[in-house]
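Student: Numbering (my numbering), first residue to last: 31 to 761.
Beta carbons: idealized from backbone N, C-alpha and C, even for Gly.
No experiment lies behind these values; they were computed from the predicted model shown.
Take a look at this one; I'll ask things after.
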DNA sequence: CTAATATTTATTTTT
DNA sequence: TAAATATTAG
């Protein structure tokens, strides 16, 4: 017993999850119930009880961050760094397997991994060659279709004509086949291929499968609710023989179905692995009782759950009720949130323990403005990722071309960046020569130097470019990759291009390039670095300093804060109308899970709000409160009365939002926050009738189209709006 | 080939 | 509104 001190720190359910080592096990881990602790303890337990060597356990996560954390925590439990672990993301593990057996799926072991840009460029070429009208059929659409197929583990041969997409009807399948052929000829994979090829490999090569099954005696899977079909197939193949598979997940936190994740995987675990043990972790050590009660009541509205109930696991679980604020408009909402944050800080709460979680990225802006005004430090998580920035991709393309002259996509990307006078014309000549001679583009271009097929500035420019390239290649051996890359970016004129750029982002881009050079230094070889960046696309936000965090609900999964603000709970925004439009009831349930994830991020305080008017793009949009607000249990909620609920803005207040159509909405609001302190909502004694004329502060005059309780649909000059009756008066 | 101008379109994005 | 993309004029 003392040999395994970590077991003593677990509750009975957690302990069962850690000690049930043989046979299939599904751990349903509610939010905040110690999932990571269980996973790492189990990993350590397998090793410390001597059941398997480090290299015989396969542990899969979704993010690099999760993999890193698990690695560190396992090492800490074991007391030393562990070598030879197969612990990583699905993609990283698949690359590792695939490099070993690349020839068996038609690749060479040195295959490159394409980013989204390259993928799209390639797809455009394929569509061009097939004569598809790219205006009518956007390449992005085909990319999505192919990705979905790959998520489902379907190769081009696996798709029956009936399953063909309605993209360019009847042709998507053959375009997919063309695209795959192009990838193979380039010795390249896209992200989906990493999984798809690995599954194909295991399906078609019994001896490889047998070898893997023999090697990986124990499987550990994190965030199982987020697995897609290929990932599921991969796991099932590997687990088939010994059945020692442990999946940890929470069906209530499945919020990535639109990325191909199949909650059904978790729901059918028992069917796939008969006799599977199921352990539920329901004791929540994170949040107060009111927060748990509210989150539970909300998620209980979903059907088809495996069923879990969060129970408070800590002694000090009592806490404040959840606040629900109704505000007149989104600006006032931002003021309320920023004001509350300021007050919290005055009371001594750290900014780093406060988060504002929104449904869409664009919402953060209003909060940023207010926080800047009040001088409150914040950070926005999300946005363009480091390795997706144009300057970084360009620099990487330079490196790729340096490392492999056959990298056509890299060549295309940078031959004319910075501008060298190598345009469409020159590129067309190069492409046709390459096709005729079956050469990579860069070699074809070099061959054309001696001909008169290259016109204008293109020829001398290319000649110089190739001279430089061979010089840099020579330099790589002598002086190492760091110095060479630095020289290459300078001498090619690439850094100069940004230095001369007058746009405000340019200095930041130069900073990013310097940052990139620093990152290269951490790797022994250029190839090693390129492999790393292909797989690590995450935003490693420097969590430096004490800052309020602004981010989307999706980005918040797995995190926790003392205080969480949840603004924008309005029909249309949250639940999101677009999601509802193409997902129906299922999408609504996923939106609800998103709300559940948001609420359960809070340790002590959750402050929800909605605004009756929100600026969307150019104009104001009326809104009614999110249906999720009605699903919260009254006993745990404090409805902070709000402006609108008083009836309408005070009569003496200046007309704040002139009707649109008379010169557009003007800014410059005069109403003070708190000017409309409010009481309970008085029941409207005389409901509006359909067809009645009404007046609204922002939209002017309109006609009532439908009435449901206190919710109206009103036809204004600017269109049909849904809003609450208290915001309009009889005209 | 490049730069200026018009048009379009706005969820979520672990790898 | 504002950013990204497509078109067109130089």
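#1: Using a 10 Å radius around the Cβ and a threshold of 16 neighbouring Cβ atoms, would you call residue 288 buried or exposed?
#2: Looking at the unbroken beta strand (DSSP E) that takes in residue 209, where does it start and where does it end?
#3: Just grab the DSSP bridge partners of residue 788 for me.
#4: Note down the Cα distance separating residue 432 from residue 443, rounded to an integer number of angstroms.
#5: Any idea if residue 647 is buried or exposed, counting beta-carbon neighbours within 10 angstroms, 16 or more meaning buried?
#6: Of all the alpha helix (DSSP H) runs that stay within the bounds of the stretch 340-400, which reach a length of 4 or more residues?
#7: What are the partner residues of residue 762, as DSSP defines its beta bridges?
#8: Leaving aside the five residues before and after residue 208 along the sequence, list all residues of the same chain whose C-beta is less than 6 angstroms from its C-beta, in chain order.
#9: Please find out if some non-hydrogen atom of the ligand ADP comes closer than 7 angstroms to the beta-carbon of residue 58.
#10: Please return the same chain residues whose Cβ sits closer than 6 angstroms to the Cβ of residue 764, not counting the five positions on each side in sequence.
#11: How many angstroms separate the CA atom of residue 598 from the CA atom of residue 387?
#12: What are the complete alpha helix (DSSP H) segments, minimum 4 residues, inside the stretch 413-487?
#13: Please classify residue 61: does DSSP put it in a helix, a strand, or coil?
#14: Quick test of your reading: residue 321 and residue 636, contact by CB under 8 angstroms. State the CB separation rounded to the nearest angstrom.
#15: In angstroms, rounded to a whole number, what distance separates the CA positions of residue 324 and residue 360?
#16: Short of 6 angstroms in beta carbon distance, which residues of its chain neighbour residue 177, apart from the five on each side in sequence? Order them along the chain.
#17: Going by beta carbon distance, what residues of the same chain come within less than 7 angstroms of residue 761, once the five residues before and after it are set aside?
#18: Once DSSP output is grouped into helix, strand and coil, what is the label at residue 760?
#19: Please report how far the alpha carbon of residue 664 lies from the alpha carbon of residue 253, in whole angstroms.
#20: Give the DSSP bridge partners of residue 314, in chain order.
#21: What did DSSP end up calling residue 35 once you bin it into helix, strand or coil?
#22: What's the C-alpha gap between residue 69 and residue 250?
#23: Put residue 553 into one of helix, strand or coil per three-state DSSP.
#24: Which residue or residues does DSSP assign as beta-bridge partners of residue 752?
#25: Excluding sequence positions up to five away, which residues of its chain have a Cβ less than 8 angstroms from the Cβ of residue 765?
#26: Per the DSSP calculation, residue 736 is bridged to which residue(s)?
#27: Go through the stretch 111-140 residue by residue and report every complete run of the alpha helix (DSSP H) that reaches 4 residues or more, in order.
#28: So residue 651 is in the beta strand (DSSP E); what residue range does that whole segment cover?
#29: Which of the three DSSP states is assigned to residue 664 in this structure?
#30: Name the two residues that bound the continuous alpha helix (DSSP H) containing residue 89.
#31: Please go through the same chain and pick out, in chain order, the residues whose beta-carbon is closer than 8 angstroms to the beta-carbon of residue 703, but skip the five residues on each side of it.
Tutor: For this structure:
#1: exposed
#2: Run containing residue 209: none in the beta strand (DSSP E); it sits in the alpha helix (DSSP H), 202-215.
#3: The chain is shown from 31 up to 761; residue 788 falls before or after that span and cannot be answered.
#4: 13 angstroms
#5: exposed
#6: 360-376
#7: Shown here, the chain extends from 31 to 761; a query on residue 762 therefore has no answer.
#8: For residue 208, where only same-chain residues beyond five positions count, the Cβ hits under 6 angstroms are 156.
#9: Inclusion of the ligand ADP in the displayed structure is not the case, the ligand content being empty and no account of it being possible.
#10: This structure leaves residue 764 out entirely; the chain is present only between 31 and 761.
#11: 9 angstroms
#12: 420-433, 438-444, 454-467, 471-478
#13: coil
#14: 5 angstroms
#15: 24 angstroms
#16: 222
#17: Excluding sequence neighbours, residue 761 sits near 723, 724, 725, 731.
#18: strand
#19: 32 angstroms
#20: 342
#21: helix
#22: 8 angstroms
#23: coil
#24: 743
#25: For residue 765 there is no data in the structure shown, the boundaries of the chain being 31 and 761.
#26: Among the bridge pairs identified by DSSP, residue 736 is matched with 743.
#27: Counting only runs that start and end inside the stretch 111-140, the alpha helix (DSSP H) elements of at least 4 residues fall at 120-130.
#28: 649-652
#29: helix
#30: No alpha helix (DSSP H) contains residue 89, which is instead part of the beta strand (DSSP E) from 87-91.
#31: With a pLDDT of 28 at residue 703, under the threshold of 50, the modelled position of that residue is not reliable, and the figure given next carries that caveat. Excluding sequence neighbours, residue 703 sits near 362, 365, 366, 369.
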